[in-house]
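Enquirer:
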Amino acid sequence: MSSISRRDFLRLASRGLLGLSGLLGLAGILRFLSYNPQPPPPKRYEIGSASDYPPNSRTVDASIPALIIRSQAEFRAISMVCTHLGCNVEAKSDGFVCPCHGSCYNSAGEVTEGPAQSALDTLKVEQTADGRLIVYKN
């Protein structure tokens, strides 16, 4: 049985470690290149029939999140995402309050108290020929 010299052992060990580090680096690059990002959230929400919303009603739809407002003549929707940092606001009797940083909005979605600087977004509501309602986010 032949013994291996110290020089040969170090050469073999260094080449083995170099090869292993190269394989690990290649595996990291392959994982990076095969990354599949999550699909973007939908921009179109079907919220049901117009008859589900009685006249002069205000209904919170948490899946969007939005407040669906039906007057006698039309449907409107106000986004319930705070314009300050994107938290979901809470609907109150006189408007909306952001639980994260305390921004307040009136019932029309306009800022009454900061730190938010702009009003809540108004969303487009469309009624199809068969009476279904569709909300479009910006």
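The opening position of the sequence shown corresponds to residue 61 in the working numbering, with each subsequent residue numbered one higher. Backbone N, C-alpha and C fix where the C-beta goes; we use that ideal spot for every residue, glycine too.
(1) When DSSP labels each residue in this structure, what does SER111 get in the three-state scheme?
(2) If you scan the segment 80-146 from start to end, which runs of the beta strand (DSSP E) of 3 or more residues do you find wholly inside it?
(3) Please confirm whether LEU90 and ALA126 have their CB atoms less than 8 Å apart.
(4) Going by alpha carbons, who is nearest to LYS103 out of GLU170, PHE156, SER139, ALA176?
(5) For ARG192, write down the residues that DSSP places opposite it in a beta bridge.
(6) Alpha carbon to alpha carbon, how far is GLN98 from PHE92?
(7) Going by CA-CA distance only, name the one from ARG118, ILE124, ASN116, SER117 that's closest to ILE107.
(8) Spell out a yes or no on whether the segment 171-191 and the segment 79-88 are touching, meaning 3 or more CB-CB pairs, one atom from each, closer than 8 Å.
(9) Looking at the strands, I want to know which residues DSSP matches up with CYS164.
(10) Would you call the segment 161-169 in contact with the segment 74-85, where contact means no fewer than 3 C-beta pairs closer than 8 Å?
(11) Could you give the first and the last residue of the continuous beta strand (DSSP E) run that contains LEU183?
(12) Quick one, which of ARG118, ALA110, SER131 has its alpha-carbon nearest ASP190's?
(13) The beta strand (DSSP E) that contains ALA151, what's its start and end?
Expert: Taking the coordinates as given:
(1) helix
(2) 104-109, 117-121, 126-130, 135-139
(3) no
(4) SER139
(5) SER109
(6) 15 Å
(7) ILE124
(8) no
(9) VAL157, GLU173
(10) no
(11) 182-187
(12) ALA110
(13) 150-152
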